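J.: Attaching a single structure in structure tokens format; questions to follow.
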Ligand code: BGC
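Numbering (my numbering), first residue to last: 10 to 272.
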């Protein structure tokens, strides 16, 4: 469908699992050249499967190990795309981490870990991408995976909500800085999406029911439904979209408590 993505070079952080893996496979099926970043070796086997799938679909893919919170690693990641495929067209800052901890028990280390990966990681990735785009005088695209919790507070996840809230204004600010160069920067904010990370909690009937109560569409989302939006935001179909957040959440951000018409 998104013909213009064919042959485009896309770097995806956190591509070894979850929504990132779906991103990689979707761009691969669109016959893009995909640089799949991962941090932990436990994702190696799954990534090999993704690479096979991408190659069968006529795309290309390589995998590159890097810690998104380390600038030298991310610079090497972008350089790997340039060395292998000659350029960078699309940067998808997707790597993320979450763990519930009541705020009064949250150590500074736990606070920092989430901020480092989710916010600083996206900053480093976006910075490296912009540098490359300016160097090549290219109208590149940056997409960050954010969350409905860039706007909905989330008890026991103060670090996560802060990282995503920060990511929203970082994206909007960067977009304002670089839109004049034709660089488009946008966020995708998923709600409850079933992946290997969330499978366990959503298969618990009580948690599932409680979550569905917060979703007007009454269904948990699929990673592919998020990936479709990434394809759109990366393609020329969205050529006039700058500095925006697209929520992929079944309506979760739309005050579901009011559904019954009360208030
Ligand atoms: C989190 C999920 C959560 C969803 C809705 C996402 O950002 O990664 O674990 O289910 O928000 O609360």
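Cβ coordinates follow ideal geometry from the N, Cα and C atoms, glycine included. Here the structure is a predicted model, which means the values were calculated and not measured.
Can you name the start and end residues of the alpha helix (DSSP H) that residue 49 belongs to?
T.: Translated into positions along the chain shown, residue 49 becomes position 40. It is not in any alpha helix (DSSP H) - residue 49 carries neither H nor E in the DSSP assignment.
J.: Count the other CB atoms, across all protein chains shown, that sit within 10 Å of the CB of residue 267; report buried if there are 16 or more and exposed otherwise.
T.: By 1-based counting over the chain shown, the position of residue 267 is 258. Exposed, since its Cβ has fewer than 16 Cβ neighbours within 10 Å.
J.: Is there at least one non-hydrogen atom of ligand 1 closer than 7 Å to the beta-carbon of residue 182?
T.: By one-based count along the chain shown, residue 182 stands at place 173. Remark: the C-beta of residue 182 is outside contact range of ligand 1, defined as less than 7 Å to any heavy atom.
J.: Measuring alpha carbon to alpha carbon, tell me which residue in 264, 181 and 28 is nearest residue 103.
T.: As a first step, residue 103 is located in the chain shown; it is residue number 94 there, counting from the start. Measuring from the Cα of residue 103, the nearest candidate turns out to be 28.
J.: Straight-line CA distance for residue 24 to residue 138?
T.: Along the chain shown, read from residue 1 onward, the residue named residue 24 stands at position 15. Along the chain shown, read from residue 1 onward, the residue named residue 138 stands at position 129. The alpha-carbon atoms of residue 24 and residue 138 are separated by roughly 17 Å.
J.: Between residue 86 and residue 152, is the Cβ-Cβ spacing less than 8 Å?
T.: The sequence position of residue 86 within the chain shown is 77, counting from 1. The sequence position of residue 152 within the chain shown is 143, counting from 1. In this structure, residue 152 does not lie closer than 8 Å to residue 86 by Cβ.
J.: With a cut-off of 8 Å, do at least 3 Cβ pairs link the segment 163 to 175 to the segment 249 to 268?
T.: no
J.: Classify residue 74 as helix, strand or coil using the three-state DSSP reduction.
T.: Locating residue 74 in the chain shown gives position 65, counting from the first residue. Residue state, collapsed to three classes: strand.
J.: Could you check whether residue 72 and residue 60 sit closer than 8 Å to each other, using their CB atoms as the reference points?
T.: For the purposes of this step, residue 60 is identified with residue 51 of the chain shown, where counting begins at 1. For the purposes of this step, residue 72 is identified with residue 63 of the chain shown, where counting begins at 1. Going by C-beta atoms, residue 60 is nearer than 8 Å to residue 72.
J.: The alpha helix (DSSP H) that contains residue 169, what's its start and end?
T.: Walking along the chain shown from the start, residue 169 turns up at place 160. Unbroken alpha helix (DSSP H) run through residue 169: 167 to 187.
J.: Between 18, 190 and 78, which has its C-alpha nearest residue 89's C-alpha?
T.: The residue labelled residue 89 in the question sits at position 80 within the chain shown. Closest option to residue 89, Cα to Cα, is 18.
J.: With three or more C-beta pairs closer than 8 Å as the rule, is the segment 203 to 221 touching the segment 156 to 166?
T.: no
J.: Mapping DSSP to helix, strand and coil, what is residue 106?
T.: Position 97 of the chain shown holds residue 106. Reduced to three states, the DSSP call for residue 106 is coil.
J.: Taking C-alpha atoms, which residue in 143, 26 and 38 lies nearest to residue 13?
T.: For this step, residue 13 is matched to residue 4 along the chain shown. Among 143, 26 and 38, the Cα nearest to that of residue 13 belongs to 38.
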